[in-house]
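Protein chains in written order, with my numbering: chain A, 14 to 249; chain D, 988 to 1292.
C-beta atoms are modelled at their ideal positions from N, C-alpha and C, and glycine is treated no differently.
Small disclaimer: the values here were computed from a predicted structure and weren't measured.
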């Protein structure tokens, strides 16, 4: 479904991605782990064309989207719940969800909003509240819900567990699995919380300094000595 | 008392003009974080297109007033909107990701260009328009013989401005386009990630702001019966002041600020001195900036992380 081929991305003169190769197949949950500054978020943003890759290609559904403008990429079936959640603070929860449905078919709106409110019941109570007044966990749920509103075939999730209480983290990972199993949505998940994320994933990649160093199934990576040393030891 | 009421009506009329222009300043500032200093000249162009339309209608023999007013309104909005679009496309878009100062300087350049462009095409002389809406209702007469008149022209002005401002507020608050504009204002990158065509949204914002300024230009022409290529400068600065007083970035703030500036200017002229009316308007700006730097309705963001 998504092929990333030898992608290099620059921020000014800094090379954030140094020839990344990666593939996400239809129906999979793929996890990308790596430490701070490894380039994980940059990779997700490069898929969305902001910034665009300077070298290499990004192919979605057989179509080269490397140089397409972001808003067109987001209209072709990709949605992202980005780092930091980026909820519109002065819009209500409902309006945030309406923004998520922008590229979808308006005829599906009523059905989709019921669906996401069923997944995240807390948002139902918060519908008329401004996004900026939600708690961190609620904002994260809203960010995922908003991304789901366009019925994406590929969902990009950037550190959905960041800054959340362990209870809520478990809940969010559970929901990610359900979304994948129930709707068949393909998911590319970026995480620092390697243990949960790899347990969830069909396959995983390890990103170090802008390059992929390891790949394998979720359980292979969980068992890998280097992965354990770098990302798992010291508790989860 | 009667004198006060008369001045109040006059002040609201003037405030409608400032309010309509201030909306354009506040929306562009909200989305791009820049002050579009050419916006006053867009207002002036709206006035010129109105008077040209009126002349053409006269030549064509259209004399029924409501129809010709409607034509002036629509044609001025359309063509001034086109100017607003062109200004953004040519003057600002390429500078969007550069240093904050660059678009500001470009805006001043665009302003000088627009003034000279109109001067070149229309000449430097004032363009007069004899009054086309006469009469009014006499509301009351005081014992000293002062009569309060609510001119039909003022009714038209206040009516048109109110309808447009209300319609515009609904557009921003309730429609998908308005939501996209607010999304761009709050987080442009996220808006893009949700499939918003940011370039198109910004272009539409400029067109809408210019169309409202065009209505202000038409109103100015009807009320004062005169327009020249330089009128946009001072009116523009005052409308900008109105936007700042109301809280720049806030739509109701721009309307309220416009009303306040109009009232202050008229009352100052009526009770103190006409010569110093500009000083009064800008002195209020200084006071607001000292005691309430975010403006009357502008609020600092309350956000939880």
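Chain A residues whose Cβ lies nearer than 8 Å to that of residue 1177 (chain D): Close partners of residue 1177 (chain D) in chain A (Cβ separation under 8 Å): 95, 99, 101.
Sort out for me which residues DSSP pairs residue 171 (chain A) with in a bridge. Looking at the DSSP output, residue 171 (chain A) shares a beta bridge with A:203.
Contacts of residue 111 (chain A) in chain D (Cβ-Cβ under 7 Å): Ordered by position in chain D, the residues that pass the 7 Å Cβ test against residue 111 (chain A) are 1166.
Going by DSSP, name the residue or residues bridged to residue 35 (chain A). In DSSP, residue 35 (chain A) forms a bridge with A:17.
Give a yes or no on whether 9 Å exceeds the smallest Cβ distance from residue 1281 (chain D) to chain A. No, residue 1281 (chain D) lies away from the interface with chain A (no Cβ there is under 9 Å from its Cβ).
Whole angstroms are fine: how far does the CA of residue 178 (chain A) sit from the CA of residue 136 (chain A)? Going by the C-alpha atoms only, they are around 18 Å apart.
Compare the C-beta of residue 999 (chain D) with all C-beta atoms of chain A and state if any pair is closer than 9 Å. Proximity of residue 999 (chain D) to chain A, defined by a Cβ-Cβ separation below 9 Å, is not satisfied.
To the nearest whole angstrom, what separates the beta carbons of residue 1201 (chain D) and residue 1033 (chain D), a pair I think is in contact under 8 Å? That pair is a contact at about 3 Å.
State yes or no: is the C-beta of residue 1173 (chain D) within less than 9 Å of the C-beta of residue 1159 (chain D)? Not in contact: residue 1173 (chain D) and residue 1159 (chain D) (Cβ atoms no closer than 9 Å).
Return the bridge partner residues of residue 197 (chain A) from the DSSP annotation. Within the DSSP bridge table, the entry for residue 197 (chain A) names no partner.
One or two residues paired with residue 1293 (chain D) in a DSSP bridge: Coverage of chain D is limited to positions 988 through 1292, which leaves residue 1293 (chain D) absent and any answer about it impossible.
So the candidates are D:1127, D:1077, D:1177; which of them puts its Cα closest to the Cα of residue 1098 (chain D)? Nearest Cα to residue 1098 (chain D) within the set D:1127, D:1077, D:1177: D:1077.
Rounded straight-line distance, which links the Cα of residue 1074 (chain D) to that of residue 1056 (chain D): In this structure, the CA atom of residue 1056 (chain D) is about 26 Å from the CA atom of residue 1074 (chain D).
Measuring CA to CA, which of A:71, A:113, A:16 is closest to residue 80 (chain A)? Measuring from the Cα of residue 80 (chain A), the nearest candidate turns out to be A:71.
Look up residue 28 (chain A) in the DSSP assignment and give the residues it is bridged to. According to DSSP, which records beta bridges pairwise, residue 28 (chain A) is partnered with A:23.
Could you pull the DSSP bridge partners for residue 218 (chain A) from this structure? Under DSSP, the beta-bridge partners assigned to residue 218 (chain A) are A:45, A:228.
According to DSSP, what are the bridge partners of residue 77 (chain A)? Its beta-bridge partners are A:72.
With distance defined between alpha-carbon atoms, name the residue in D:1009, D:1044, D:1010 nearest to residue 1059 (chain D). For the residues D:1009, D:1044, D:1010, the minimum Cα distance to residue 1059 (chain D) belongs to D:1044.
Would you say residue 22 (chain A) lies against chain D (beta-carbon separation less than 9 Å)? No, because no Cβ of chain D sits closer than 9 Å to the Cβ of residue 22 (chain A).
Does the stretch 1017-1035 of chain D come close enough to the stretch 1196-1216 of chain D to have 3 or more Cβ pairs within less than 8 Å? Touching, yes, given that three or more Cβ pairs across the two stretches are closer than 8 Å.
Taking its Cβ as the centre, do 16 or more other Cβ atoms sit within 10 Å of residue 1094 (chain D), making it buried, or is it exposed? Note on residue 1094 (chain D): 16 or more other CB atoms within 10 angstroms of its CB, so buried under the neighbour-count rule.
Please confirm if residue 1181 (chain D) has its CB atom under 9 Å from at least one CB of chain A. For residue 1181 (chain D), the closest Cβ of chain A is nearer than 9 Å.
Distance, residue 1042 (chain D) Cα to residue 1120 (chain D) Cα: Those two C-alpha atoms are separated by around 16 Å.
If we define contact as Cβ-Cβ less than 9 Å, is residue 239 (chain A) a contact residue for chain D? No, residue 239 (chain A) does not count as interfacial toward chain D.
Buried or exposed (CB count within 10 angstroms, at least 16 for buried), residue 1127 (chain D): Flag for residue 1127 (chain D) reads exposed.
Rounded to the nearest angstrom, what separates residue 1196 (chain D) and residue 1152 (chain D) at their Cα positions? Taking the straight line from one Cα to the other gives about 11 Å.
Return the first residue and the last residue of the beta strand (DSSP E) that residue 1137 (chain D) is part of. Where residue 1137 (chain D) is concerned, the enclosing beta strand (DSSP E) stretches over 1134-1138.
Check whether the Cβ atoms of residue 154 (chain A) and residue 113 (chain A) lie closer than 9 Å to each other. Contact: no.
Candidates D:1215, D:1238, D:993, D:1262, of which the one nearest residue 1108 (chain D) by Cα: Ranking the options by Cα distance to residue 1108 (chain D), first place goes to D:1215.
Rounded to whole angstroms, what's the CA-CA distance from residue 1229 (chain D) to residue 109 (chain A)? Just pull it up for me. In a straight line, the C-alpha of residue 1229 (chain D) is about 30 Å away from that of residue 109 (chain A).
Who are the near neighbours of residue 1102 (chain D) in its chain, counting only those whose CB is closer than 8 Å to its CB and skipping five residues on each side? When the five nearest sequence neighbours on each side are left out, the beta carbons in the same chain lying within less than 8 Å of the beta carbon of residue 1102 (chain D) are those of 1028, 1031, 1216, 1217, 1219, 1220, in order along the chain.
Only counting runs of 4 or more residues, tell me where the alpha helix (DSSP H) segments fall wholly within the stretch 1143-1197 of chain D, in order along the chain. Runs found: 1163-1173, 1175-1180.
Tell me the DSSP secondary structure of residue 1124 (chain D) in three-state form. Reduced to three states, the DSSP call for residue 1124 (chain D) is strand.
Within 9 Å of any Cβ in chain A, is that where the Cβ of residue 1173 (chain D) sits? Chain A contact via Cβ: present.
Which stretch, first to last residue, makes up the alpha helix (DSSP H) that contains residue 1062 (chain D)? Its alpha helix (DSSP H) spans residues 1052-1073.
According to DSSP, is residue 1115 (chain D) part of a helix, a strand, or is it coil? Look at residue 1115 (chain D) here: in three-state DSSP terms it is strand.
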